[in-house]
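Engineer: Taken in order, these protein sequences are the chains called A and B.
Okay, so the first sequence: first residue is 1 according to the numbering used here, each after it adds one.
Okay, so the second sequence: first residue is 1001 according to the numbering used here, each after it adds one.
All residues carry an ideal CB built from backbone N, CA and C; glycine is no exception.
Keep in mind that this is a model prediction, so the values were computed, not measured.
Take this structure first; my questions come after.
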Amino acid sequence: SAVISQKPSRDICQRGTSLTIQCQVDSQVTMMFWYRQQPGQSLTLIATANQGSEATYESGFVIDKFPISRPNLTFSTLTVSNMSPEDSSIYLCSIKAGVTDTQYFGPGTRLTVL
Amino acid sequence: AQSVTQPDIHITVSEGASLELRCNYSYGATPYLFWYVQSPGQGLQLLLKYFSGDTLVQGIKGFEAEFKRSQSSFNLRKPSVHWSDAAEYFCAVGQNYKLSFGAGTTVTVRA
């Protein structure tokens, strides 16, 4: 399977600031996804990022808060804007593999907002 | 809308004992079914998946899962647990290329 990396692996940020998380894949993929995992919780899909088109956001997530870029088939970024302590979570990117719904995940970015 | 239920929030098992984690889903058709494991401080690793065919699927690390259509279940099993199996386990259902995750089951392994 593809190798997926994320940067940074963790960060501590001040409220009101923004953080951009990078997701890099070692092969070309059509579909990439961004998830949020709040402390002690399961994963919630934020948005689907397709190359060449706007990201598709899930209910409860908006582009102004979580802008996403997908400049090519191996890279995507998620920005967490105007952060508050409630944004403290692990953010994970994933890729869709093959014709099924199988997804492989990056190692995650652990974000703490003070 | 589809949903995934993992009834057990936390399971403690002795090393060497067997383990079974329950997963039930609600979906009109047979969905794609997955089990992922998340070790502390790590991302998610795919253990196994079911799409069709043989209802007993084998995965990595000695895990297997059985799909039972009549019970809408996809339970994960391991005959003999190792201390390294202590982790969070997530069941997921795939529909239209998206995954919906259960709440997760935390497995603690005692010596």
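Using a Cβ-Cβ distance cut-off of 8 Å, determine whether K7 (chain A) contacts chain B.
Structural biologist: Output row for K7 (chain A): interface = no.
Engineer: According to the neighbour-count rule (16 or more other Cβ atoms, all chains shown, within 10 Å of its Cβ), is Q1058 (chain B) buried or exposed?
Structural biologist: It is exposed - the Cβ of Q1058 (chain B) has fewer than 16 other Cβ atoms within 10 Å.
Engineer: Applying the 10 Å Cβ sphere with the 16-neighbour rule, what's the burial state of A1092 (chain B)?
Structural biologist: Buried, since its Cβ has 16 or more Cβ neighbours within 10 Å.
Engineer: Is there a Cβ of chain B sitting closer than 8 Å to that of F105 (chain A), yes or no?
Structural biologist: Taking Cβ atoms only, chain B reaches closer than 8 Å to F105 (chain A), which makes this a yes.
Engineer: Quick one: measure Cβ to Cβ for S1039 (chain B) and A1103 (chain B), integer angstroms, because I've assumed they're closer than 8 Å.
Structural biologist: Going by Cβ atoms, the distance from S1039 (chain B) to A1103 (chain B) rounds to 18 Å, so no, they are not a contact pair.
Engineer: Taking the continuous beta strand (DSSP E) assigned at M83 (chain A), which residues delimit it?
Structural biologist: Element bounds for M83 (chain A): n/a, residue is neither H nor E.
Engineer: With DSSP as the reference, label R1069 (chain B) as helix, strand or coil.
Structural biologist: DSSP places R1069 (chain B) in helix when its eight states are reduced to three.
Engineer: Quick check: the region 31–45 of chain A against the region 1016–1024 of chain B, are there 3 or more CB pairs under 8 Å?
Structural biologist: Touching, no, given that fewer than three Cβ pairs across the two stretches are closer than 8 Å.
Engineer: So which residues of chain A does F1101 (chain B) contact, with C-beta pairs closer than 7 Å?
Structural biologist: S42 and L43, listed in chain order.
Engineer: Excluding the 5 residues flanking R1077 (chain B) on each side, which residues of the same chain have their C-beta closer than 6 Å to its C-beta?
Structural biologist: Cβ within range, chain order: E1020 and E1064.
Engineer: Could you pull out every residue in the same chain whose Cβ sits closer than 7 Å to the Cβ of L1046 (chain B), ignoring the five residues on either side in sequence?
Structural biologist: F1034 and Y1036, listed in sequence order.
Engineer: Determine, using beta carbons only, whether G1053 (chain B) comes closer than 8 Å to chain A.
Structural biologist: Output row for G1053 (chain B): interface = no.
Engineer: Please go through the same chain and pick out, in chain order, the residues whose beta-carbon is closer than 7 Å to the beta-carbon of I12 (chain A), but skip the five residues on each side of it.
Structural biologist: T112 and L114, listed in sequence order.
Engineer: Please determine if the region 92–104 of chain A and the region 1004–1016 of chain B are in contact, where contact requires at least 3 C-beta pairs separated by less than 8 Å.
Structural biologist: Too few Cβ pairs lie closer than 8 Å, so no.
Engineer: Can you tell which of B:I1009, B:G1041 and B:R1069 has the C-alpha that lies nearest to the C-alpha of R110 (chain A)?
Structural biologist: Of the listed residues, the one whose Cα sits closest to R110 (chain A) is B:G1041.
Engineer: Taking 8 Å as the threshold (beta carbon to beta carbon), is D11 (chain A) in contact with chain B?
Structural biologist: Not closer than 8 Å to any Cβ of chain B, the Cβ of D11 (chain A) fails to qualify, so no.
Engineer: Do the CB positions of L19 (chain A) and M83 (chain A) come within less than 8 Å of each other?
Structural biologist: Cβ atoms of L19 (chain A) and M83 (chain A): closer than 8 Å.
Engineer: Check for me: the beta strand (DSSP E) holding H1010 (chain B) runs from which residue to which?
Structural biologist: Residues H1010 to S1014.
Engineer: With 8 Å as the threshold, decide whether the Cβ of L73 (chain A) is near any Cβ in chain B.
Structural biologist: So, not an interface residue.
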